[in-house]
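Chains A and B, in that order, are what the protein sequence lines are.
If you're matching positions, the first sequence starts at 16 in my numbering and goes up one per residue.
If you're matching positions, the second sequence starts at 3 in my numbering and goes up one per residue.
Built from N, CA and C at the ideal position, the CB exists for glycine as well.
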Amino acid sequence: MALALVSCQDSPIQEFFAQKQEDPNFNSMVLPASLLGISQDSLSDQQREAVNSLKKVHLIWQEKDSVNTDISASVLQAKAALEDPNYETMMKVQMPWGQGQVLFKGTEDAVDEFILMGARDSLLIMARIMGDNMHPKYLMPFLSSMNKAQPDMEALKPLMMMLKEKEVLPVNQQAKDSLVE
Amino acid sequence: MKSVLFTCALAFSLWATKAQSIFDALENNDAVSSVVVNKSMFMMLSKFEAALDTEPEAKQFIEMAKNIQSLKVFTTSDKQVTAQMEQMVTKYVAQNKLTELMRARDKEGHVRFYIRPGATEDKVRELLMFVDQLSGQGQINGRKVENVLLTIVGDIDLNKISGLIAKMNLPQELNRVSKK
Chain A
16 MALALVSCQD SPIQEFFAQK QEDPNFNSMV LPASLLGISQ DSLSDQQREA VNSLKKVHLI
76 WQEKDSVNTD ISASVLQAKA ALEDPNYETM MKVQMPWGQG QVLFKGTEDA VDEFILMGAR
136 DSLLIMARIM GDNMHPKYLM PFLSSMNKAQ PDMEALKPLM MMLKEKEVLP VNQQAKDSLV
196 E
Chain B
3 MKSVLFTCAL AFSLWATKAQ SIFDALENND AVSSVVVNKS MFMMLSKFEA ALDTEPEAKQ
63 FIEMAKNIQS LKVFTTSDKQ VTAQMEQMVT KYVAQNKLTE LMRARDKEGH VRFYIRPGAT
123 EDKVRELLMF VDQLSGQGQI NGRKVENVLL TIVGDIDLNK ISGLIAKMNL PQELNRVSKK
């Protein structure tokens, strides 16, 4: 009964993602975990569990450009959506150079979804990381399995371009490798 | 009986969240930088740490993190906001019957610590720190920070707080509460 009530309840966060996916002023990308190209054969049991607990990642972002000269309204809208009672806030950061939030759904041992939001003057980016019983202990095995990943770069190109342009990711390949190490 | 208990628990949790809300206004103040970390984040951090090969320091952090309800840090260099913060602290301390643990003043500024006493002298249920007119080394991510309001709610062992300070990059002033 309680479960039925919860699942029927509209989720402002999910609505926000669905809405912005169709919005021409937003960029959107859905990444199934398979796109990371991690071959199952070479993984340890724990790595396999970790990799399999991730299903897909849905990204939406809006950049400040000649069309979207002011993204502050979108940031406010996003923050309002994050007040979603279906999700629990883990962390909120507000700094002069930007702000961010981390939320999750599920339990601390078995997370169904993580929501990440980051915003600054020129960029609003949100990620919905969907999985099945994701556990914090999987984070390290997951990162180590990424060493063996052969991501579908063609499919990821628009995302990588944006992240590099905005200097969210280090452009230097070596620096990137050391993050994964 | 069960429903009475439940109502009490609900009332208590409502009261507990309300008691903290006095500082929430600071989260939406543009002149304030803030970091708010909730229980679930600490639980996950401690589980994440526990899965790694742990050093003694990390173990201390895990033990501590498991029992923390929330951590809030507000910093500002705005004078008016600082005065507002000070008023909030005074009001909060009085309303929640916190006791003063320590008060220090040197050329770097004023530091005040308040606690909500716990089971023993070293264990507290809340630690509140207010730093006024901190200058010089006080930098968080390159911004000169003058004033800090920090509150930790949970089960806190004052002698084990150093691990938390190191892990969470908290202001060094906090080390003063440790008796070791």
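Per the coordinates, the alpha-carbon of B:Leu-73 lies some 42 Å from the alpha-carbon of A:Asp-56. Interface annotation, A:Glu-169: not in contact with chain B, CB-CB separation never under 7 Å. Close partners of A:Gln-109 in chain B (Cβ separation under 7 Å): Glu-29, Ser-35 and Ser-36.
The Cβ-Cβ distance between B:Lys-169 and B:Phe-44 does not fall below 7 Å.
Here the region 158-174 of chain A makes no contact with the region 99-111 of chain A; the two share fewer than three CB pairs at distances below 8 Å.
Counted as a single uninterrupted DSSP element, the stretch harbouring A:Met-161 is not any alpha helix (DSSP H), since DSSP gives it neither H nor E. DSSP places B:Arg-107 inside the beta strand (DSSP E), whose first and last residues are 101-108. When DSSP states are grouped into helix, strand and coil, A:Ala-134 belongs to the strand group. Rounded to whole angstroms, B:Asn-98 and B:Gly-120 show a C-alpha spacing of 14 Å. Assigned with DSSP and collapsed to three states, B:Asn-177 falls in helix. The beta strand (DSSP E) runs of length 3 or more contained entirely in the region 66-128 of chain A are, from start to end of the chain, 69-78, 103-110 and 113-121. The C-alpha of B:Val-83 is placed about 7 Å away from the C-alpha of B:Ala-33. Just so you know, the alpha carbons of B:Thr-122 and B:Leu-160 end up roughly 10 Å apart. At least one CB atom of chain B sits nearer than 7 Å to the CB of A:Lys-152. Note on A:Leu-139: 16 or more other CB atoms within 10 angstroms of its CB, so buried under the neighbour-count rule. In the structure shown, B:Thr-84 adopts helical secondary structure according to DSSP, grouped into three states.
With fewer than 16 other beta carbons inside 10 angstroms of its own, B:Met-104 counts as exposed. By the neighbour-count criterion, in which 16 or more other beta carbons inside 10 Å mark a residue as buried, B:Leu-54 falls on the exposed side. Per DSSP, the continuous alpha helix (DSSP H) segment holding B:Phe-50 begins and ends at 41-52. Within the same chain, Leu-100, Thr-101, Leu-103, Val-126, Glu-128 and Leu-129 come within 7 Å of B:Ile-117 by CB-CB distance, once the 5 residues on both sides are set aside. Segment contact: the region 39-46 of chain A against the region 171-179 of chain A, three or more CB-CB distances shorter than 8 Å; contact assigned. Contacts with chain B at 7 Å (Cβ-Cβ) do not include A:Glu-98.
Looking from the CA of B:Thr-78, the closest CA among B:Phe-115, B:Val-150 and B:Ser-48 belongs to B:Val-150. Comparing alpha-carbon positions, the option among B:Arg-114, B:Asp-134, B:Lys-81 and B:Ser-35 lying closest to B:Arg-178 turns out to be B:Arg-114. Taking the beta carbon of B:Val-39 as reference, the chain A residues within 7 Å of it are Met-106, listed in sequence order. With respect to chain B, the C-beta atom of A:Glu-30 has no partner C-beta closer than 7 Å.
Rounded to whole angstroms, the separation of the alpha carbons of A:Arg-143 and A:Asn-101 is 14 Å.
Spatial neighbours of B:Glu-88 in its own chain (CB-CB distance under 8 Å, excluding positions within 5 residues in sequence) are listed in chain order as Phe-132 and Asp-134.
Counting only the Cα atoms, B:Thr-92 lies some 16 Å from B:Phe-76. Burial check for A:Gln-62: the Cβ neighbour count within 10 Å reaches 16 or more, so the residue is buried. Annotation: B:Ile-167 to B:Val-37 spans about 14 Å, alpha carbon to alpha carbon. Following the DSSP letters along the chain, one finds A:Pro-27 inside the alpha helix (DSSP H) bounded by residues 27-37. A Cβ-Cβ separation of about 6 Å places B:Asn-40 in contact with A:Met-105 under the 8 Å criterion. Residue state for B:Phe-115 is assigned as strand, using DSSP reduced to three classes.
If you look at B:Gly-165, you'll find it isn't in any beta strand (DSSP E); it sits in the alpha helix (DSSP H) that goes 163-170.
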